[in-house]
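Notes follow the structure.
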Amino acid sequence: MSSPQQQFFFLGATGYIGSQFLESAKRDAALYAKLKEFSLVALVRDPESAKAKQLQEVWPGVLLVKGTLDDLSVIEEQARSSALTFNAANSDHEPSIKAIVAGLQKRSADHPNGPKPLYIHISGLAILSDNSRGEKVPAERLVQHSDSTFRLEDFPPTNPHHGPDRIIHAAGAQKENSIRAISVYPGVIYGLGEGISPDAPLLRIYGSLYIQTGVAGTWGPGHNALPVVHIKDVGTAFVKIFKLALEDKAKHDDYFVSDDKAEPLILKRFAEETGKILHAHDLLKDPEHKPFSEAVTNNFGEFGWSAFAGNWLGVSDRLKAEGWEPTETAKLPFWDSLLLETENFVATHKASRT
4 MSSPQQQFFF LGATGYIGSQ FLESAKRDAA LYAKLKEFSL VALVRDPESA KAKQLQEVWP
64 GVLLVKGTLD DLSVIEEQAR SSALTFNAAN SDHEPSIKAI VAGLQKRSAD HPNGPKPLYI
124 HISGLAILSD NSRGEKVPAE RLVQHSDSTF RLEDFPPTNP HHGPDRIIHA AGAQKENSIR
184 AISVYPGVIY GLGEGISPDA PLLRIYGSLY IQTGVAGTWG PGHNALPVVH IKDVGTAFVK
244 IFKLALEDKA KHDDYFVSDD KAEPLILKRF AEETGKILHA HDLLKDPEHK PFSEAVTNNF
304 GEFGWSAFAG NWLGVSDRLK AEGWEPTETA KLPFWDSLLL ETENFVATHK ASRT
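Convert by adding 3 to the 1-based position in the sequence shown; the result is the number in my numbering.
Written as structure tokens, this is what we have:
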């Protein structure tokens, strides 16, 4: 008699990162075969939506569970039933993260002699922010943080992702009802993806804000530098992490995903170049870059200053040691991709208005 399939609970399966991971996983024969040993359960807002139906085509046999990140009892129940949980939905939604952890800890208690339930969580390199408030920092003073020396406690608790990551790190370190928790920290992800949701959030966030405020703006003067990585490289990074974790060969709890050799994203230049394109399409009256007014920045509080006005450069030493390389980032650098993505954003924005 064959043993029942173990469950893989996936939050964010139809999103930008989640759906790219599925496409990347399907191309890796070994990982695909391993994942097909699991029964995939995906949390979706509407099982009848176009994206949910696409997910069923991408991954035949997937079970769709209706819910949002606020349906905590559903999330806890599914996590408790799962040997593997992947949260690609939201890095900072603490209630759902707590529900996942609670469910996995209950699973650990239910199966004290079994393997630890595995939780893979997407965080972000904004945790490294130096809070420079957009001011220019001399190159010799810019710090490139390696994941090989990363410690969460070395960074201010007010930095982005810090609170949720503390919850996950504490759960991973707990001896009683223990779980295996891996946090993954991408830089700014760009590029048109291959998955169900191919558009990067970067243009949606900034482009919409520029149009809404009428300003191609930055927090402060915008001299801060952010690391970049192409979405396809993020997909292969997660393939590598999943393979290591499922083979019990993942040596670490934290992995950075970025290309430290790539030219970083400078927010001032980004605003200047994006503003010109939006102006050319009559979506912005003034194409010139300006710092956002307090009326704009106050809406985001200190989180906005830390996330959008700090330098947060990271080096993916751990993944590189395992053979991962950001090849797509080298093929299509961020600044070369920006025009294509901005034009795509413009087309989508205009279509939504008609």
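Heads up, the beta-carbon is just placed ideally off N, CA and C, and yes, glycines get one too.
| task | Compute the Euclidean distance between the alpha carbons of residue 344 and residue 202, then round it to the nearest angstrom. | result | Between the alpha carbons of residue 344 and residue 202 lies a gap of roughly 8 Å.
| said: According to DSSP, simplified to helix, strand and coil, what is residue 158? | reply: Three-state result, residue 158: coil.
| Taking Cβ to Cβ, would you say residue 33 is nearer than 8 Å to residue 25? | Cβ atoms of residue 33 and residue 25: not closer than 8 Å.
| Assigned exposure category for residue 278 - 16 Cβ within 10 Å defines buried | Buried, by the Cβ-count rule.
| message | Distance check for residue 252 and residue 339, CA to CA, integer angstroms please. | response | Taking the straight line from one Cα to the other gives about 36 Å.
| Proximity of residue 11 and residue 76 at Cβ, strictly below 8 Å | With contacts defined as CB atoms closer than 8 Å, residue 11 and residue 76 fail to qualify as a contacting pair.
| query | Do the CB positions of residue 265 and residue 160 come within less than 8 Å of each other? | reply | Going by C-beta atoms, residue 265 is not nearer than 8 Å to residue 160.
| field | Exposed unless 16 or more other CB atoms sit within 10 angstroms - verdict on residue 173 | value | Counting Cβ neighbours within 10 Å, residue 173 comes out exposed, since fewer than 16 surround it.
| query | CA-CA distance, residue 88 and residue 154? | reply | Spanning the two alpha carbons is a distance of roughly 23 Å.
| What does DSSP give as the partner residues of residue 88 in its beta bridges? | Per DSSP, 12 and 122.
| query | Between the stretch 186 to 204 and the stretch 271 to 291, do three or more beta carbon pairs fall short of 8 Å? | reply | Verdict: no, contact absent.
| query | Distance, Cα to Cα, residue 9 vs residue 45? | reply | The straight-line gap separating the alpha-carbon atoms of residue 9 and residue 45 is approximately 14 Å.
| query | Taking C-alpha atoms, which residue in 263, 112 and 73 lies nearest to residue 101? | reply | Checking every option, the nearest Cα to that of residue 101 belongs to 73.
| field | Contact check, residue 316 vs residue 230, beta carbons under 8 Å | value | Cβ distance < 8 Å, so residue 316 and residue 230 count as in contact.
| message | residue 198 and residue 52 - do their beta-carbons sit closer together than 8 Å? | response | Not a contact, by the Cβ cut-off of 8 Å.
| said: Using C-beta distances below 8 Å, list every residue in its chain close to residue 294, excluding the 5 sequence neighbours before and after it, in chain order. | reply: Closer than 8 Å at the Cβ level, and outside the excluded window around residue 294, lie 137, 220, 221, 222, 223, 224 and 225.
| Stretch-stretch touch, CB-based, cutoff 8 Å, three pairs: the stretch 174 to 183 with the stretch 299 to 318 | These segments do not touch.
| field | CB-CB length for residue 164 against residue 126, believed under 8 Å | value | Their Cβ separation, rounded to whole angstroms, is 5 Å, which keeps residue 164 and residue 126 in contact under 8 Å.
| said: How far does the alpha helix (DSSP H) with residue 339 in it extend, from its first residue to its last? | reply: For residue 339, the enclosing alpha helix (DSSP H) covers residues 337 to 356.
| How far does the alpha helix (DSSP H) with residue 294 in it reach, from first residue to last? | Element bounds for residue 294: not the alpha helix (DSSP H) but the beta strand (DSSP E), 292 to 294.
| request: Could you tell me the distance, in whole angstroms, from the CA atom of residue 41 to the CA atom of residue 13? | output: Between residue 41 and residue 13, the C-alpha separation is close to 11 Å.
| task | Look at residue 111 and residue 181 and say whether their C-beta atoms are less than 8 Å apart. | result | Cβ distance < 8 Å, so residue 111 and residue 181 count as in contact.
| query | What are the boundary residues of the beta strand (DSSP E) that includes residue 147? | reply | Note, residue 147: beta strand (DSSP E), 147 to 149.
| request: Please classify residue 71: does DSSP put it in a helix, a strand, or coil? | output: Three-state DSSP puts residue 71 in coil, outside helix and strand.
| field | residue 171 versus 94, 213, 243 and 114, residue with shortest Cα-Cα distance | value | Nearest to residue 171 by C-alpha distance, out of 94, 213, 243 and 114, is 94.
| Own chain partners of residue 257 with C-beta closer than 6 Å, once the 5 adjacent residues on each side are dropped | Excluding sequence neighbours, residue 257 sits near 150, 153 and 186.
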